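The next block holds one structure in the form of structure tokens; read it before the comments.
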Amino acid sequence: MTKTARLSFVLGIILAISTQSTFTARAQDNSLQNASSDADRKTPVPSEKKEEEQPEQQNWAIHFDAIEVLQGQPGFHAPYSGTNSLHPGDNFRQTTEADIFFDARLWPGAEFYFNGEYYQGFGLGITHGLVEFPNSMAYKVGKYRGDVNIPHLFIRQIIGFGGEQEQLEADELQLAEKVDISRLTIQVGRMAVTDIFDNNAYAHNPRADFLNWAAVDAIAFDYPADALGYEEGATIELNQKNWALRYGWFTIPERGNQNATNGRYLEGWDQVIELEERYTLFGHPGKLRLLGYLERANMGSYRATTDQPSLQANIIDTRQYRLTEGLVVNLEQEITSDLGAFFRFAVRNPNYEAWQFSDASRSIEAGLSLKGTRWNRPNDTVGLAEMAAGIGHAEQVFFNAGGLGILAGDGKLPHYGWENVIEFYYNFEVHRGVNVTFDYQLAANPAFNEDRGPINILGARIDVKF
């Protein structure tokens, strides 16, 4: 059986099972239909009221979340390939992840969070060949037999300043509690930078909404992360009713896109700052986030590499500690009670190699997210997004000379073009705590190469949590 046939067979089975479960769910009591789900909370419409009652305060909690992603890509046009190219033949990959979360209150305002994880599998092309990579659940260091990791291990301290309060809902990394709206939050330990920065209600959670890296986070944001997506650091946030200001200092990998942390903390680091402004437009809430970061890492120079032909495009030979910077503009806007829009724009210094996330030095994305209320499926979500990523001239010359990046490297790049991806997904609730998503992506100019593609990518995601 070919890989394409296997993919069609697997998707057919999932569709049949999910359709049967959907019909069963529709026949159940309306109170079950309208119950809030974890997926709802992960991709919320900001003004939507949760019908499931949450505890006012938790002292401890345990959560479990398992997710399976299946993706396949039929053959596509490719006159040549390189070390980091996506294979032009039929391709099918899967990733599995299972997480357990333990949360506990230590003393007033202090909380402890631990997350253990099992992960297995690879993304398409062993997570190469597309900069706007189609599976955010695929790590850059996948495993055939699986492995374990500790993504989160941190302490959070909340200092309230009095006045009006708000309820924080229970989540995998949040104990339910009432807190002062005017407050200071300090967090220290191991975490994902994107737990705190570059958030977006409609496009930020690959377990429930879009799968593509460029939809989940700004793809040109070279945020501090090892190859599994996490780092050690400390953050501080000042929250007010209509705005918030966040700052974080993080360690970085000793080598780009690797797991070992740089032990020379004063030499290699990443600092992130973000201002969030909350507003109302025609009676509908929205948020504007402005993010900037400054990074110091042992990075190579694209121009210095290509100016020395004897290096044969080996950027490692030009590495030295340098400063680089970037900017992200992030917007979310509710349009109606069940429809929201999002937008991101990002740029980073195009002269030095990307150290952690992707090879893109500029990116833009926009999309819509719609709840299923209009067809009596309030816990379903459908989303549509278009993303584009590009690079500067020095990086184009580097890839045309045969250079290899984090994800890109076709051996040459005679015809450069912005990489473009369109993604559509439908996430429906099979049963409370069980969601199935069908996902389609169309990618043009993979790895900035107009000679290759377009690529059709079909996917399915199964998420079970309690």
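Under the numbering used here, the first residue of the sequence shown carries the number 2, and numbering increases by one thereafter.
Where is the CB? At the ideal position from N, CA and C, for every residue including glycine.
On a predicted model such as this, the values are computed, not experimentally measured, just so you know.
Item: Alpha helix (DSSP H) runs contained entirely in the region 375 to 401, provided each spans 4 or more residues; Value: 394 to 401
Item: Length of the line joining the Cα atoms of Asn213 and Arg363; Value: 16 Å
Item: 8 Å contact criterion, which Trp419 and Ala444 should meet: CB distance rounded; Value: About 12 Å separates the two Cβ atoms, so there is no contact after all.
Item: Residues of its chain near Gly122, where Cβ-Cβ distance is below 6 Å and the 5 sequence neighbours each way are ignored; Value: Gln95, Thr96, Thr97 and Gly143
Item: Proximity of Leu324 and Glu366 at Cβ, strictly below 9 Å; Value: no
Item: Distance between beta carbons of Leu328 and Gly373, contact taken as under 8 Å; Value: So it is not a contact: roughly 35 Å between Cβ atoms.
Item: Cβ shell of Phe343 (< 6 Å), same chain only, five flanking positions each side left out; Value: Asn201, Tyr203, Ala204, Glu333 and Gly368
Item: Residue environment, Tyr417, which counts as buried when at least 16 other CB atoms sit within 10 Å; Value: buried
Item: Phe251 beta carbon less than 9 Å from that of Glu233; Value: yes
Item: Limits of the unbroken alpha helix (DSSP H) element including Trp214; Value: Trp214 to Val217
Item: Proximal residues to Asp148 (C-beta, below 8 Å), its chain only, five neighbours per side dropped; Value: Tyr119, Tyr120 and Gln121
Item: C-alpha gap between Ile63 and Phe155, whole angstroms; Value: 16 Å
Item: Buried versus exposed call for Asn299 [16 or more other C-beta atoms within 10 Å across all chains shown]; Value: buried
Item: C-alpha distance - Ala111 paired with Ala409, whole-angstrom precision; Value: 43 Å
Item: Own chain partners of Ile392 with C-beta closer than 7 Å, once the 5 adjacent residues on each side are dropped; Value: Pro351, Asp360, Ala361, Ser362 and Phe449
Item: The region 301 to 317 in contact with the region 394 to 408 per 3-pair CB rule at 8 Å; Value: yes
Item: Enclosing alpha helix (DSSP H) for Thr306 [first to last residue]; Value: Tyr303 to Thr307
Item: Reduced DSSP category for Ser311 - H, G, I as helix; E, B as strand; rest coil; Value: helix
Item: First and last residue of the uninterrupted beta strand (DSSP E) at Lys413; Value: It is not in any beta strand (DSSP E) - Lys413 carries neither H nor E in the DSSP assignment.
Item: Inter-residue CB distance, Leu87 and Pro415 (contact presumed, cutoff 8 Å); Value: Not really, about 18 Å apart at Cβ, beyond 8 Å.
Item: C-alpha distance - Tyr140 paired with Thr128, whole-angstrom precision; Value: 7 Å
Item: Cβ neighbour criterion (16 or more within 10 Å) applied to Thr438; Value: buried
Item: Endpoints, beta strand (DSSP E) assigned at His88; Value: Counting along the chain, His88 falls outside any beta strand (DSSP E), and DSSP gives it neither H nor E.
Item: Delimiting residues of the beta strand (DSSP E) encompassing Arg279; Value: Trp270 to Leu282
Item: Assigned secondary structure, Thr186 (DSSP; H/G/I helix, E/B strand, else coil); Value: strand
Item: Arg375 classed as buried or exposed, judged by whether at least 16 other C-beta atoms fall within 10 angstroms; Value: exposed
Item: Spatial distance of Gly190 from Phe358 (CA atoms); Value: 20 Å
Item: For Glu335 and Pro286, the rounded distance between their alpha carbons; Value: 6 Å
Item: The ligand PLP heavy atom lying under 8 Å from the CB of Val465; Value: Judged by which ligands are present, the structure shown has none, so any question about the ligand PLP falls away.
Item: Nearest neighbour of Ser82, chosen from Leu405, Phe467 and Tyr427 [CA to CA]; Value: Leu405
Item: Sequence-distant residues of the same chain with beta carbon closer than 8 Å to Phe162, five excluded per side; Value: Asp181, Ser183, Arg184 and Leu185
Item: Cβ-Cβ distance between Val431 and Asp66 below 9 Å; Value: no
Item: Close-in-space but distant-in-sequence residues of the same chain around Ile160 (CB under 8 Å, 5 per side omitted); Value: Gly110, Arg184, Leu185, Thr186 and Ile187
Item: Pairwise C-alpha distance: Arg208 and Gln175; Value: 17 Å
Item: Cα-Cα separation, Pro80 to Ala245; Value: 50 Å
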